[in-house]
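Accompanying notes for the structure given below.
4 protein chains.
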Amino acid sequence: MISATRRLALGFGLALGISTLGIGASAQTPLRNDNITLEEVLAAQRAWGEGLVRIATAHREGGVERGRAVAGEILDGAYGYAAGPVLFKPTLTLAPQTFRITREGALAYFAGGNPAFANDGGFAFNGWTRVEVENAAIFIHGRTALTQGNVRLFDGQGRVTTVDKSWGFHRDEAGVVRIVLHHSSLSFTR
Amino acid sequence: MISATRRLALGFGLALGISTLGIGASAQTPLRNDNITLEEVLAAQRAWGEGLVRIATAHREGGVERGRAVAGEILDGAYGYAAGPVLFKPTLTLAPQTFRITREGALAYFAGGNPAFANDGGFAFNGWTRVEVENAAIFIHGRTALTQGNVRLFDGQGRVTTVDKSWGFHRDEAGVVRIVLHHSSLSFTR
Amino acid sequence: MISATRRLALGFGLALGISTLGIGASAQTPLRNDNITLEEVLAAQRAWGEGLVRIATAHREGGVERGRAVAGEILDGAYGYAAGPVLFKPTLTLAPQTFRITREGALAYFAGGNPAFANDGGFAFNGWTRVEVENAAIFIHGRTALTQGNVRLFDGQGRVTTVDKSWGFHRDEAGVVRIVLHHSSLSFTR
Amino acid sequence: MISATRRLALGFGLALGISTLGIGASAQTPLRNDNITLEEVLAAQRAWGEGLVRIATAHREGGVERGRAVAGEILDGAYGYAAGPVLFKPTLTLAPQTFRITREGALAYFAGGNPAFANDGGFAFNGWTRVEVENAAIFIHGRTALTQGNVRLFDGQGRVTTVDKSWGFHRDEAGVVRIVLHHSSLSFTR
Chain A
142 MISATRRLAL GFGLALGIST LGIGASAQTP LRNDNITLEE VLAAQRAWGE GLVRIATAHR
202 EGGVERGRAV AGEILDGAYG YAAGPVLFKP TLTLAPQTFR ITREGALAYF AGGNPAFAND
262 GGFAFNGWTR VEVENAAIFI HGRTALTQGN VRLFDGQGRV TTVDKSWGFH RDEAGVVRIV
322 LHHSSLSFTR
Chain B
142 MISATRRLAL GFGLALGIST LGIGASAQTP LRNDNITLEE VLAAQRAWGE GLVRIATAHR
202 EGGVERGRAV AGEILDGAYG YAAGPVLFKP TLTLAPQTFR ITREGALAYF AGGNPAFAND
262 GGFAFNGWTR VEVENAAIFI HGRTALTQGN VRLFDGQGRV TTVDKSWGFH RDEAGVVRIV
322 LHHSSLSFTR
Chain C
142 MISATRRLAL GFGLALGIST LGIGASAQTP LRNDNITLEE VLAAQRAWGE GLVRIATAHR
202 EGGVERGRAV AGEILDGAYG YAAGPVLFKP TLTLAPQTFR ITREGALAYF AGGNPAFAND
262 GGFAFNGWTR VEVENAAIFI HGRTALTQGN VRLFDGQGRV TTVDKSWGFH RDEAGVVRIV
322 LHHSSLSFTR
Chain D
142 MISATRRLAL GFGLALGIST LGIGASAQTP LRNDNITLEE VLAAQRAWGE GLVRIATAHR
202 EGGVERGRAV AGEILDGAYG YAAGPVLFKP TLTLAPQTFR ITREGALAYF AGGNPAFAND
262 GGFAFNGWTR VEVENAAIFI HGRTALTQGN VRLFDGQGRV TTVDKSWGFH RDEAGVVRIV
322 LHHSSLSFTR
């Protein structure tokens, strides 16, 4: 049982002084709140970036096998493939394998080495050291949230790759937020 | 356009220091958040109680006609009949008119005077002066929230009526919270 | 169209009969649909009635111990206590134990035998043989649905108990529908 | 069952053909169903394509002024700018005006002629005659739905432009489905 105050504390980092509202919802009213919060969305974005760096680091320090193993773990934590198809359009996929609706296709994109996806070299194995997210706008609806903006990926040589990115996040029953939509593209240039 | 900070300020009375999260969602990121908040739920409960007292006061001071007019206004603000059926089981209705799915049935219950609902005397016309809500538990899901607990209605003579009450609230696109379910019953006694 | 609808209720990975819409959603478009359907709501109501009869039958044929064991199983399948508080106001509870927000309180109500709930005799042990649900109105929102109406409980002697009942149902990630709100009351009579 | 499904999409106050379920939800049970349906999603995609062709046709037959007027109408019908920011990354926008969170930016993209968006030539004025949508996957949650896949735009000369596209749709209280997220990008090529 989660009290109102504790649940809010988890969601927003604050203790709502409900008693001051004077209508009898005490600080201990049991509360179940399914909705995703803005903080959870921002934390999930940050976790995505940290995950990418973790894969790159594992690859650099432990080789391809190790990188691939970590990529699988990160993928299972960050994406909702266990619950259904994920709408995933990675930055660099080639038609007709543009969309990676299944876990297998996503893992091939991040970590390569899958003959069924021969064009995939392993996007996460590019020496990434840091990720920045700049949101242009956010939309929250129930357990889901949509974000759109720029993501900048830095490697160890100081090079930066900027992509346009839309994410859809979903908060499951256990409170875990996972990606259900991911559309990434290089900026259009003339 | 509502900035993240302003929207959160409306919903929770606080300014999230998003910039401290360090991931580039500035304090001005445009945000659309459809979800109902705990504060909105508690405010809607309080508004229901204040509305009942307003009807009773209008009736006492202005007579039946005035009471009925105010009841209609309160009803339109507090209940979601304009958007569809409302699941409303008032405390004192008699079968076969137990459920008041339409606005007409709800108005008859609160303000009487409708020959089609001959047993309705006008529940709101009982001299109510104060309402207290004590929530037993709350469930929040998307735009909707469910509450259950006791509501105590006080009249001018110091008498109190306690009812068991469940409410379902729905936050519409304009941010207005309306009742979509209301089940009220006298306590069971042996 | 029937099969499309049926399969939508099941979740994703299905074959949609939407080729007639002519816009390129092929018969194999992977779909994840979180929403609860009307059919699922009606099935959950039916399951509640069948569960009550199963408990009564187990009690009659196997005694109190057996009845209590079955009640626990039915409860875990039908109610959402594993995911948080449930807003449960049973028909016959006495203040100050009116609301049964925890599993323990719900089990005591259905199967008695808990000294902490001394007034509970075991509501499910009343020889129920059949349950009828008559909905007055239904509200569906995301994974949740609200229903309100009459429920009639029949025992083996041909006696019928009619209650006014509101239910809130929630469909979880695995597609299982569980009760998150339940308000039951005897009809008001003068 | 077909008619039940169809009518559910419309909202409430309908006749449900569920008497065969045998649990007392009569053929006239009032229903309010907020959720978006797969059919509504596919219809909204089709409407987007038809809208683009309508703008192109108005431009070709009536000139820039007429094209711009029609673009404004189509935009207001198809996108959710009236309710808040829209997460819109058009195919051909240039940084730093990549994202078109406001109606003004979206109109500039489709119909040009806004000095504040000097790079916009009017995407809709390219003689489009037909649009095809091929969904890779769909995700439905409450009032919202996400789609991802290819969209092919045909002009009068038989040329086709293929884009990778993600859409987020939202069904409002009146049952109107509007775009709340739109990410379009040219296919990645080496």
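Chains as they are written, first to last, in this note's numbering: chain A, 142 to 331; chain B, 142 to 331; chain C, 142 to 331; chain D, 142 to 331.
Glycine included, each C-beta is placed from N, C-alpha and C at the ideal position.
Return yes when the Cβ of residue j is within less than 8 Å of the Cβ of residue i, no when it is not.
i         : j         : result
PHE329(D) : ILE177(D) : no
GLU307(B) : LYS230(C) : Just to set this straight, residue 307(B) is Ser in the shown sequence, not Glu. Against a cut-off of 8 Å, the Cβ pair of LYS230(C) and SER307(B) comes out as a contact.
THR239(B) : LEU327(B) : no
ALA265(D) : ALA197(D) : yes
LEU228(B) : ALA257(C) : no
LEU322(B) : LEU183(C) : no
ALA212(C) : ALA252(C) : yes
Quick one: what's got a C-beta closer than 7 Å to residue i's C-beta in the same chain, skipping five residues either side?
i         : result
ASP296(B) : ASN267, GLY268, TRP269 and THR270
TYR220(D) : VAL227, ALA247, ARG319 and ILE320
Quick check: what's the CA-CA separation for residue i versus residue j?
i         : j         : result
VAL317(D) : GLY254(B) : 38 Å
ILE320(C) : ILE281(D) : 22 Å
PRO226(C) : VAL194(B) : 31 Å
THR161(B) : LEU294(A) : Confidence at THR161(B) is low in this model, with a pLDDT of 31, below 50, so its placement is unreliable and the value that follows should be read with caution. Between THR161(B) and LEU294(A), the C-alpha separation is close to 20 Å.
GLN298(D) : GLU202(D) : 16 Å
ILE242(D) : ARG209(A) : 37 Å
TYR222(C) : PRO171(B) : 37 Å
GLU180(D) : VAL205(D) : 34 Å
GLY263(A) : GLN169(C) : 28 Å
VAL304(C) : ASP305(B) : 15 Å
ARG331(A) : ARG331(D) : 16 Å
Ignore the nearest five residues each way along the sequence and tell me which others in residue i's own chain have a CB closer than 6 Å to its CB.
i         : result
ARG207(A) : ALA199
ARG284(D) : ASP175, ILE177, HIS311 and ARG312
GLY163(B) : Caution applies to GLY163(B), whose pLDDT of 38 falls short of 50 and renders its modelled position unreliable; the model cannot decide the point.
VAL301(B) : ARG293 and PHE295
ALA185(D) : PHE310 and VAL318
Once the 5 residues before and after residue i are set aside, which same chain residues still bring their CB inside 8 Å of it?
i         : result
ASN260(A) : THR234, LEU235 and GLN238
GLU275(C) : GLY290, ASN291, VAL292 and ARG293
VAL272(C) : TRP189, GLY190, GLU191, LEU193, VAL194, VAL292, ARG293, LEU294 and PHE295
- Any 3 or more C-beta pairs closer than 8 Å across the segment 175-189 of chain C and the segment 295-312 of chain C: yes
- Taking a cut of 9 Å between CB atoms, which residues from the segment 269-291 of chain B lie near chain C? ALA277, ALA278, ILE279, PHE280, HIS282, GLY283, ARG284, THR285, LEU287, THR288, GLN289, GLY290 and ASN291
- Item | Short-range partners of chain A found in the segment 224-244 of chain C, where Cβ spacing is below 8 Å | ALA224, GLY225, PRO226, ILE242 and THR243
- At a cut of 8 Å, does the segment 245-252 of chain B reach the segment 216-235 of chain B through at least three beta carbon pairs? yes
- Task: Name, going along the chain, the residues of the segment 170-181 of chain C whose beta-carbon falls closer than 9 Å to a beta-carbon of chain D.
- Result: THR170, PRO171, LEU172, ARG173, ASN174, ASP175, ASN176, ILE177, THR178, LEU179 and GLU180
- Item | Proximal residues, the segment 198-227 of chain B versus chain D, C-beta separation under 7 Å | ALA224, GLY225 and PRO226
- Query: In chain order, what residues of the segment 289-310 of chain D put their CB closer than 9 Å to some CB of chain A?
  - Reply: GLN289, GLY290, ASN291, THR303, ASP305, LYS306, SER307 and GLY309
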